[in-house]
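Participant:
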Amino acid sequence: MFSGFSLFPTQASTLAPEVDNLYLGVILITGFFAVVVVVCVTYFAIKYRDRTGERIGAPITGSVPLELGWSLIPFFIAIGIFVWASIVFFHIVRAPDQTLEIYSTGKRWMWRFQHIDGQREINELHVPVGRPVRVVFTSEDVLHDLFIPAFRVKADAVPGRYSAIWFEPTRIGEYHLFCAEYCGTRHSGMIGTVYVMAAADYQAWASGGGATEGGTLAQRGEALFTQLACVTCHLPDGSGRGPSLLGLYGSQVTLDSGEVVTADESYLRESILMSQAKTVKGYEHVMPTFQGLVNEEGVASLIEYIKSLQAAGNRVASAQ
Amino acid sequence: MAGHISPKSTYLTIFGALMACTILTVVAAFINLGNLNFPVALTIAIFKATLVVLFFMHIKYGSSLTKLIVGTAFFFLGIMLTLTLSDYLSRGWFTAARGSTSAASIPSITGPLTTGARPLEQTPQNNPPK
Amino acid sequence: METIVVEEPTTYINHQHTVASWLLTYDHKRIGILYLIVVTFAFFLGGLFATLIRLELATPAGDLFSADVYNRMFTMHGVTMVFFVLVPAVPAVLGNFAMPLMIGAKDVAFPKLNLLSWYVFTIGFIFTVASMVLGGVDTGWTFYTPYSTQGSESNVLLTGIGVFITGFSSILTGVNFMVTIHRMRAPGMTWFRLPLFIWALYSTALVMVLGTPVIAITLLMLVLERGLHLGIFDPRLGGDPVLFQHLFWFYSHPAVYIMILPPMGVISEVIACFSRKNVFGYSFVAFSSLAIAVFGFLVWAHHLFVAGISPYSALIFSFLSFAVAIPSAVKTFNWTATLYEGAIWWKTPMFFVFGFLGLFLIGGLTGLFLASLGLDVHLTDTYFVVAHFHYIMVGGAIMGYFAGLHYWWPKMTGRMYNDTLGKFAALLIFVGFNLTFGPQFILGYLGMPRRYHVYPPEFQVLNVLSSAGASILAVGYVLPALYFLYSLKFGAKAGANPWKATGLEWTTQSPPLPENFRTTPVVTEGAYAYSKREMRVA
Amino acid sequence: MPNGTIAAHDEHHGQHHPALQHHFQDLEQQHEASTLGMWLFLVTEVMFFGGLILAYTLYRVWYPTAWALGSEELNIYLGGFNTIVLIGSSLTMALAVRAGQTGAQRATVGWLLFTMALGLTFLVVKFFEYKEKFERFHVPGANFRFEGPESPHVQIFFSLYFALTGVHALHMVIGVGLMTVITLMAYRRRFSPEWYTPLELAGLYWHFVDIVWIFLFPLLYLVDRSHHIV
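Protein chains in written order, with our numbering: chain F, 1 to 320; chain V, 1 to 130; chain Z, 1 to 538; chain P, 1 to 230.
In structure tokens, the structure reads:
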């Protein structure tokens with residue numbers, strides 16, 4: 001029982017040392033103030049003790065310079081911490097380009113993961129070491145939260161839209177994966193294991209033994225795209241009743257309200273499930289809603305398929 | 001008791017103004033002002049509410065404390081609206097970095113398996129229970 | 001003491017004896033006692049849940065209760081403690097009792113409304129207890145949608161209505177206190193002669209008036225959505241569950257200041273009395289209360305940093321959260337400076353103040369960790385948060401409540417309690433508290449999520465420590481109940497002013513007259529004029 | 001505190017006004033306290049409706065089309081009629097308070113009855129509006145029907161419509177109840193130019209309810225009558 005005892009969790013991602021340094025820094029700063037106050041209170045309480053209850057304290061009412069000093073100095077220190085912490089925060093929320101993407105769905109009480117190469121797993125997540133990984137996830141029912149302490153990342157899974165976390169594992173091993181947003185009876189059972197593998201092992205695992213039945217995620221999406229007859233309207237050359245999806249992902253789209261939005265995962269997801277919400281300018285409101293016809297995993301595969309429809313040259317260029 | 005007594009004519013004038021504003025707001029709603037329809041409707045409503053507060057509710061003749069209290073209500077209402085909308089309106093600004101690659105297209109798997117200066121340790125730590 | 005047979009003086013306690021005279025009283029002092037009874041009951045109910053939670057968590061496996069029962073335990077612990085103990089404890093019990101006395105008024109501005117708010121509070125509590133008896137509720141005290149509207153199969157409606165009703169008690173108390181402080185002060189009691197407890201209560205009342213209606217409407221929307229299928233937060237319709245969190249925390253973060261501001265006011269009173277000094281920087285302490293009340297409304301979304309809000313918005317809220325730390329720091333420094341060159345009388349209330357200073361300090365400083373965006377991502381929803389808010393709300397607010405209770409108990413009852421036992425209780429609570437919640441900071445950084453019924457075995461050592469501390473804490477909380485009850489019958493008679501304190505409440509007899517003062521007092525000097533006392537004595 | 005304890009106001013007030021409560025020094029203080037309390041209560045009301053207005057604003061920004069479509073389903077004539085009725089009742093309420101101030105007891109009772117009549121008219125019209133919503137399945141829930149695009153979002157619109165107008169109507173009902181008591185007090189000649197505080201407070205409450213409707217009418221009924229969205 002004592003074997004696993006430690007004061008700090010394992011540092012297993014590039015973000016972990018950053019967060020830990022910040023943690024130690026804030027501990028030092030706040031610790032200093034804590035010690036000052038505790039020492040002063042203790043010292044004064046003993047030194048100025050009056051056992052009789054009859055004496056009167058010194059007639060001191062206050063000091064404006066002191067007040068200003070102990071308002072402004074902590075304020076500037078606080079701003080310092082704020083800036084430092086915000087820099088770390090933006091490292092946490094802003095994923096680098098060219099991440100390995102994994103789709104995930106939280107559902108009471110399990111996590112399902114889908115890899116682009118077609119692997120699917122439950123409550124287990126295999127990732128390669130030394131590569132930035134981005135997990136895009138949503139929830140099928142209530143709020144959940146994907147939390148991997150060893151990587152120092154966490155985000156709520158909100159039904160109806162996508163959240164994402166990213167991390168670059170630095171250490172091969174097995175780590176906890178928790179649901180950190182209360183989700184009902186077996187909330188504490190909604191846990192899993194992250195396996196950080198050597199890149200070669202990961203590649204072997206990802207393309208391994210028949211688990212990729214149904215092809216890669218994009219291939220499954222393509223099959224679904226045909227099956228749901230999306231293909232009849234969304235013609236590649238843009239002559240159909242719906243806009244062409246070629247090169248759509250990541251582009252700027254003008255809606256019929258005049259608003260311009262970026263076609264990211266959440267936009268694509270919303271357009272599939274609530275097709276009337278954001279219609280592209282120049283097109284009729286004719287697309288049916290696919291809510292109830294396609295599950296979250298299907299949506300993820302469709303999105304991955306749409307992502308794969310980048311202009312061929314585009315993709316190569318961005319990869320270099 | 002020192003309450004302000006307004007003449008009847010004041011109340012009738014205010015009532016007339018409120019009626020006029022009601023008609024104005026309906027008429028304005030039927031004119032296509034583009035995105036301005038909502039702000040116009042809101043402005044008229046705020047104007048009407050101000051009239052009621054000032055004259056029907058006698059704030060015009062009230063103490064500065066009462067005025068302060070009314071101001072406080074709308075100040076905090078404003079805080080609630082603006083700070084919440086600061087979230088909703090800026091959500092779209094943040095777009096995540098792009099690019100997804102499959103495992104098969106990992107550019108180089110022969111390169112050094114390290115990140116930064118940290119050498120990889122092969123010993124798994126913090127193993128969860130099996 | 002020799003026993004002299006004296007006619008019992010008329011007091012607010014003995015002038016009428018029937019139960020009806022208590023249940024239909026308009027006297028703010030009696031209403032304070034009524035609140036004390038309900039709040040004490042709620043405190044021990046919530047404490048019972050806490051004990052059972054800690055018992056379960058002593059082992060990693062869920063071997064004492066089922067997951068369902070455990071989830072109901074922590075929910076009911078939270079609901080009871082937040083809405084029925086922390087929010088009303090100091091303002092409704094001590095504020096009701098002491099505030100009119102301290103400003104030299106005969107009563108609060110609206111005595112009937114005051115009684116009504118006690119009834120509303122009690123009815124809300126009965127609803128909540130009924131929901132517990134009928135099987136409890138398992139959403140967490142935060143009632144997050146869509147779990148509370150669609151997922152949970154427990155008594156969300158009944159609890160929601162209970163808390164909704166209780167909210168009106170808070171609103172009425174807030175309105176009543178603000179009007180009382182504005183309009184009922186004795187002649188000469190100017191704003192800057194007010195005791196700092198009054199400033200704190202005023203700031204609290206402001207938060208109650210501005211914040212509570214928002215939780216009321218939010219819970220109403222929740223109840224309508226669950227009961228009548230309105231769809232305001234429903235993601236299946238395109239509604240946003242995060243909107244519920246915005247609305248919920250718009251009240252519930254300022255509510256933390258409803259809980260902590262009045263105890264801060266108590267600390268100022270007690271520290272001045274037992275140091276025999278002015279509070280250092282009176283006006284800074286007074287205005288910091290108002291500043292906390294106002295800034296408290298600008299920071300709510302720091303509970304939502306990982307909930308899916310815009311990172312830019314998170315930046316704003318993080319900055320404002322750091323800003324709200326400053327007035328709290330100012331208060332702490334001023335209290336410390338007040339001790340300097342004081343004549344510090346080590347009595348029980350002062351021991352609770354020492355405990356408050358230590359625990360509130362840790363609670364406040366760990367708040368900076370959570371305001372820091374980069375750290376909050378890792379720390380939020382873990383035991384670090386649990387430890388942090390317990391340091392503020394139990395270490396701070398309950399310590400301050402106990403300080404105030406021990407300070408005004410002689411005034412409320414006319415009896416002295418055992419000082420040695422009191423100091424011992426303060427010490428027990430301080431030690432037990434740190435042992436309970438200190439390890440939870442480490443647990444949180446290690447990544448143990450909150451609201452976990454079972455947990456990985458490597459977290460057990462710290463959890464066992466925490467549970468051990470909780471048992472000490474429980475003894476520490478039961479002890480005052482015992483010696484307080486004992487003092488009612490056997491305690492030494494307290495004179496009008498057993499602490500030799502300044503303040504109008506100490507100029508009248510203990511327990512006070514039904515009408516508080518024989519003649520309306522006229523105030524000629526500021527609060528805490530201890531330094532002028534020698535001249536008066538001489 | 002060595003504060004002098006001078007009897008500032010005690011037995012020398014030979015004659016108290018019957019409405020003066022014992023813990024106040026005089027009627028002036030009592031009146032000031034009461035109106036201040038009422039205004040603070042209205043502050044809480046502003047925040048109460050504010051929560052709903054926040055939800056309304058957010059979804060209107062998100063789903064302008066659904067808002068336009070939902071608003072189109074509301075009956076602008078009934079809404080407009082009710083607006084006129086309610087503003088009219090505010091006028092009669094103001095005149096009732098004025099009559100109270102000047103001590104015109106019969107006029108006070110008359111204007112109050114007029115106000116109540118207008119308030120009830122509003123509620124009756126509202127009832128028929130609600131009835132129509134039920135008949136056309138525009139009530140959120142499992143039976144909600146909306147022919148047209150964006151049905152789920154329109155359902156959010158109707159959820160907010162019912163929440164906002166429902167809470168407002170509840171305030172109206174409370175207001176009419178309050179008015180009954182006040183009218184009875186006026187009828188029994190309890191008010192005088194010296195003391196008419198309850199009348200004044202009821203007036204403040206009534207005007208506030210009117211103000212809420214002044215916002216609700218354009219926010220709910222007049223979203224897109226010019227059809228620039230749909």
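The beta carbon of each residue, even a glycine, is placed where N, CA and C say it ideally should be.
Report yes if the C-beta distance between residue 539 (chain Z) and residue 422 (chain Z) is below 8 Å; otherwise report no.
Facilitator: Here chain Z has residues from 1 to 538 only, and residue 539 (chain Z) is not among them.
Participant: Which value, in whole angstroms, describes the spacing of the CA atoms of residue 89 (chain P) and residue 113 (chain P)?
Facilitator: 10 Å
Participant: Just how far apart, CA to CA, sit residue 106 (chain P) and residue 190 (chain P)?
Facilitator: Each residue's Cα considered, the two are about 12 Å apart.
Participant: Within 10 Å of its beta-carbon, does residue 240 (chain Z) have 16 or more other beta-carbons around it, so buried, or fewer, so exposed?
Facilitator: buried
Participant: Let me check one thing: in DSSP terms, what residues is residue 124 (chain F) bridge-paired to?
Facilitator: F:193
Participant: Using the C-alpha atoms, what's the distance from residue 60 (chain F) back to residue 246 (chain Z)?
Facilitator: 44 Å
Participant: Taking its Cβ as the centre, do 16 or more other Cβ atoms sit within 10 Å of residue 30 (chain Z), making it buried, or is it exposed?
Facilitator: buried
Participant: Nearest chain P C-beta to residue 99 (chain Z) closer than 8 Å, yes or no?
Facilitator: no
Participant: On a CA-only basis, which of Z:219, Z:17, Z:72, Z:91 is nearest residue 46 (chain Z)? Give me that one, please.
Facilitator: When only C-alpha atoms are compared, the closest one is Z:72.
Participant: So is residue 252 (chain F) buried or exposed if we call it buried at 16+ other beta carbons inside 10 Å?
Facilitator: exposed
Participant: Taking only three categories from DSSP, how would you classify residue 60 (chain V)?
Facilitator: helix
Participant: Which one or two residues does DSSP pair with residue 240 (chain P) in a beta bridge?
Facilitator: Because chain P here runs from 1 to 230, residue 240 (chain P) falls outside it and cannot be looked at.
Participant: Going by C-alpha distance, which of Z:88, Z:284, Z:457, Z:13 is nearest residue 398 (chain Z)?
Facilitator: Z:88
Participant: So, is the C-beta of residue 85 (chain F) closer than 8 Å to a C-beta in chain Z?
Facilitator: yes
Participant: Identify each residue in the region 134-159 of chain P for which the Cβ-Cβ distance to at least one residue of chain F is less than 8 Å, and report them in chain order.
Facilitator: 149, 150, 152, 153
Participant: Going by DSSP, what residue range makes up the beta strand (DSSP E) through residue 156 (chain F)?
Facilitator: In the DSSP annotation of this structure, the continuous segment of the beta strand (DSSP E) that includes residue 156 (chain F) starts and ends at 153-157.
Participant: Is any beta-carbon of chain Z found at less than 8 Å from that of residue 64 (chain V)?
Facilitator: no
Participant: Following the continuous alpha helix (DSSP H) through residue 319 (chain Z), name the residue where it begins and the one where it ends.
Facilitator: 311-339
Participant: From which residue to which residue does the beta strand (DSSP E) around residue 177 (chain F) run?
Facilitator: 173-179
Participant: Please classify residue 126 (chain Z) as buried or exposed, where buried requires at least 16 other C-beta atoms within 10 Å of its C-beta.
Facilitator: exposed
Participant: Under a three-way DSSP split, which group does residue 226 (chain Z) fall into?
Facilitator: Reduced to three states, the DSSP call for residue 226 (chain Z) is helix.
Participant: Take residue 289 (chain F) and list the residues in its own chain whose beta-carbon comes closer than 8 Å to its own, dropping the five residues that flank it on each side.
Facilitator: 273, 274, 275, 276
Participant: At the 8 Å Cβ level, is residue 47 (chain P) part of the contact set with chain V, yes or no?
Facilitator: yes
Participant: Mind the definition here: the region 171-178 of chain Z touches the region 90-99 of chain Z only if three or more C-beta pairs lie below 8 Å; say whether that holds.
Facilitator: yes
Participant: Out of F:32, F:133, F:300, F:75, point me to the one whose CA is closest to residue 220 (chain F)'s CA.
Facilitator: F:300
Participant: Consult DSSP for residue 107 (chain F) and reduce its assignment to one of helix, strand or coil.
Facilitator: strand
Participant: For residue 55 (chain Z), would you say it is in contact with chain F, using Cβ-to-Cβ distances shorter than 8 Å as the test?
Facilitator: no
Participant: Please report the distance separating the alpha-carbon of residue 109 (chain V) from that of residue 135 (chain F).
Facilitator: Residue placement at residue 109 (chain V) is flagged as unreliable, the pLDDT there being 31, under the threshold of 50; a coordinate-derived value is accordingly withheld.
Participant: Scan the region 233-301 of chain F and note each continuous beta strand (DSSP E) run of 3 residues or more that stays entirely inside, going in chain order.
Facilitator: Fully enclosed beta strand (DSSP E) runs of 3 or longer: 252-254, 260-262.
Participant: Below 8 Å, how does it come out for the region 215-226 of chain P and the region 60-76 of chain P: are there three or more Cβ pairs, yes or no?
Facilitator: The region 215-226 of chain P is in contact with the region 60-76 of chain P.
Participant: Kindly say whether residue 81 (chain V), judged by its beta-carbon, lies nearer than 8 Å to any beta-carbon of chain P.
Facilitator: yes
Participant: Identify whether residue 186 (chain F) lies in helix, strand or coil by the three-state DSSP scheme.
Facilitator: coil
Participant: Quick test of your reading: residue 335 (chain Z) and residue 357 (chain Z), contact by CB under 8 Å. State the CB separation rounded to the nearest angstrom.
Facilitator: 6 Å
Participant: Considering only the beta carbon of each residue, do residue 231 (chain Z) and residue 159 (chain P) sit closer than 8 Å?
Facilitator: yes
Participant: Which runs of the alpha helix (DSSP H) spanning at least 4 residues fall entirely within the region 345-422 of chain Z, listed in chain order?
Facilitator: The region 345-422 of chain Z is shown to contain whole alpha helix (DSSP H) runs of 4 or more residues at 348-371, 373-379, 383-390, 399-413, in chain order.
Participant: Exposed or buried, residue 319 (chain Z), counting other C-beta atoms within 10 Å across all chains shown (16 or more means buried)?
Facilitator: buried
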